[in-house]
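By this note's numbering, the letter at position 251 of the sequence shown is numbered 232, and the numbering carries on one by one without gaps.
The beta carbon of each residue, even a glycine, is placed where N, CA and C say it ideally should be.
What follows is a short report on a single structure.
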Amino acid sequence: MAGIRIEGNTSGNVVEVTGSNQLKVITETNVSTNPGNVGGIKAFYENDPGTISGTATLLSPEVDDDYRIRVALDHLLDVETFNYTAQNTGKHTYTTTTMTAGWSTAGLRTNSGAITTTTTGMTMGTYAEFSIFGGQALYLEMNNSFDNSITTNFNIDFGLFRRGSSTPFAPTDGVYFRVNASGFIGVINYNSSETSTTVFDFAADPNQKYKFVISLNERNVEFWIDDVLYATLDTPTGQGQPCLSATLPISIRHAHTGTAGAALSMYVNNYVLHSGGYTYARSIGEVENSMLGSYQGLSGGTMGQLIAGTVTLGTLVKPTAAIPLNASLAANLPNNLGGRAFETLTSGLAINTDGILAIYQNPAGTISIQGKRLRITGLKLSAAIQTVIAGGPITNEFYLIFGGTAASLQTAEGIAAKPCRRIMLPEFTQNITATQAANTAVQQASYFADFSSAPIYVNPSEFVGIAVNRFGTALTSGVIAYTYQFVYSWE
């Protein structure tokens, strides 16, 4: 059988074969001079098949000059589940004109009164703002639903934007989804100048949950619904980025521009914000504190019982002196993670007896309260004489108590209960002289106990606190004023 002759169309040269009937091939070795002659595979990855846009979105990976494929990890910036019944005022701000928002286990509702009144509105969002540019991409995901069909004379915006200060609270800068009588669109806002997509080929069924995602970088913004890309907006000509701001808060706005055709609310069940690109060397506790707020409470929990009793206006009120008890926390002694404890010595804590000076219960996890571990990395303590001491001298020793299922030092170990574990705090050993005068400092070995190399973890519903024991000559009257502060984060 005759072979096939392979001949160059222009040169007339023919190819040759080896003695084993293989084509002779010379591999290009001069990559710098002849990169076009180098055989290889061009790899592209499909981000979206083009169901809506009609064109698949394909992107190729990048290789650095040291032959490594460039990779990136997502970095969590903020997350919130709206399954609680009162606003987290430490994390979110809320402004309203007649229209009210509501918090419940069903989610955050933008128009909880179901009103249709004209020139009304509300806006809420994070106090925190998030860096959005550089080499990273920023992703905001919200899970939302609408309790009625689209009507007239309303605007709902949700995404990353600066909130207007007065009705109708129109965004002044940012990127966001907008839904109104026309339908759903994507918007980029550069210092109050809006550029919008066309109306999406999308209709929301009442009460159906949808995942809305905004993907943002310096060159464009993508708008996704249930993992389908509905539109991409390129950064307008003349702009260095889609919006003017370098940081933006997570925001929601609902406003009536006239009398609405029907009552309509948006329910937000949760949001997640993360960046892709940069990798940050942060612990889980640092990440959680950036989302929840250092020295603040958990969403759905009690916001005002962490530091120095309740949140008050003006000056914090001095506590009433009390006697530490062994089996419970005495009235007027603090049940928080920082503040003041005044101990009265009249008929006070007996010598060589442990007493609870302060104790706090990490909230138990429920459907409406996050069940977070409390991570203790340090404890500060100081003391002074508030009322002149009678008796003494004495030495005070302290324990950190944690992990118990009751605010007591007498709980027995059991299958569903456990006592507080005790850690000695030699840093806090105090010496009080006989008849020590008021307004004098208590001599103390140190001010700070450092647990950063071996953090203490307190599970949801468990207790953490400070216990005191003393030896020496009994005190018969006077008041010791303690100030303490746990260094902590949530995990």
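CB-CB under 6 Å to residue i, same chain, minus the five flanking residues each way: which ones, in chain order?
i, result
"A53", "G257 and G258"
"A241", "T97, T132, N134 and F135"
"K190", "N124 and S126"
"L390", "N307 and D335"
Quick one: using the 10 Å Cβ neighbour count with 16 as the cut-off for buried, is residue i buried or exposed?
i, result
"K72", "buried"
"G239", "exposed"
"N64", "buried"
"G373", "buried"
"Y341", "buried"
"L39", "exposed"
"T101", "buried"
"L297", "exposed"
"Y465", "buried"
"V202", "buried"
"Y48", "exposed"
"V156", "buried"
"V180", "exposed"
"D138", "buried"
"A388", "buried"
Nearest to residue i by CA position, among the options, is which residue?
i, options, result
"A322", "L210, A331 and A302", "A302"
"T478", "F383, I(-13), R451 and F183", "Because the chain spans -18 through 472 in this model, residue 478 falls outside it and cannot be assessed."
"S309", "C401, D154 and F379", "C401"
"R263", "L210, S434 and H56", "H56"
"E378", "A426, S389, G359 and M123", "A426"
"L355", "T213, S196 and N317", "N317"
"A422", "S442, S458 and A462", "A462"
"D186", "L245, S1, M272 and T62", "L245"
"T86", "K361, I304, A430 and N251", "N251"
"T62", "E122, I50, G35 and T99", "E122"
"F409", "G395, F429, E394 and N420", "F429"
"L210", "G167, E175, T70 and G266", "G167"
Leaving out five residues before and five after residue i in sequence, what residues of the same chain have Cβ atoms less than 8 Å from its Cβ?
i, result
"V(-5)", "R(-14), I(-13), E(-12) and G(-11)"
"N333", "N450, R451 and F452"
"T392", "G385, T386, A398, K399, P400 and C401"
"I357", "L381, F383, F432, P436, I437, Y438, V439, V445, F467, V468 and Y469"
"S41", "K23, A24, F25 and Y26"
"T228", "E110, F111, S112 and I113"
"R143", "P152, T153, D154, G155, S226, L229, P230 and S232"
Leaving out the 5 sequence neighbours to the left and right, which residues in its chain are closer than 7 Å to residue i when beta-carbon positions are compared?
i, result
"T74", "M105, G106 and Y108"
"T4", "At residue 4 the sequence reads Leu, which differs from the Thr that was named. If we look at L4 and ignore the five residues flanking it on each side, its Cβ neighbours are V(-4) and V(-2)."
"A418", "I366 and V369"
"H255", "D55, H56, L57, L58 and Y120"
"N15", "E9"
"A37", "E27, D29, P30 and G31"
"A82", "Y75, L89, R90, T91, S93, M103 and M105"
"L306", "G336 and I337"
"P344", "L279, G282, I350 and P441"
"G0", "none"
"C224", "D154, G155, V156, I169, N170 and Y171"
"Q68", "Y75 and W84"
"G459", "L326, I366, T368, V369, I370 and A371"
Give me the DSSP bridge partner(s) of residue i.
i, result
"F323", "A462"
"I366", "I461"
"V209", "I206"
Does at least one heavy atom of the ligand MG sit under 6 Å from the Cβ of residue i?
i, result
"Q222", "Because no ligand of any kind appears in the structure shown, any question about the ligand MG cannot be addressed here."
ask   = Does the count of Cβ pairs from the stretch 81 to 97 and the stretch 232 to 241 closer than 8 Å reach three?
value = In this structure the stretch 81 to 97 touches the stretch 232 to 241; the number of beta carbon pairs closer than 8 Å is three or more.
query = Are the stretch 442 to 456 and the stretch 333 to 340 touching by the rule of at least three beta carbon pairs closer than 8 Å?
reply = Contact between the stretch 442 to 456 and the stretch 333 to 340 is present: 3 or more CB-CB pairs across the two stretches fall below 8 Å.
inquiry  = Using a Cβ distance threshold of 8 Å, determine whether the stretch 398 to 414 contacts the stretch 341 to 356, with at least three qualifying pairs required.
reply    = The stretch 398 to 414, when compared against the stretch 341 to 356, does not touch it at the 8 Å Cβ threshold.
The stretch 391 to 409 contacting the stretch 324 to 333, beta-carbon criterion three pairs below 8 Å = With a cut-off of 8 Å, the stretch 324 to 333 and the stretch 391 to 409 do not count as touching, because too few Cβ pairs lie within range.
request  = Would you be able to state if there are at least three C-beta pairs under 8 Å between the stretch 152 to 166 and the stretch 116 to 136?
outcome  = They touch, by the three-pair rule.
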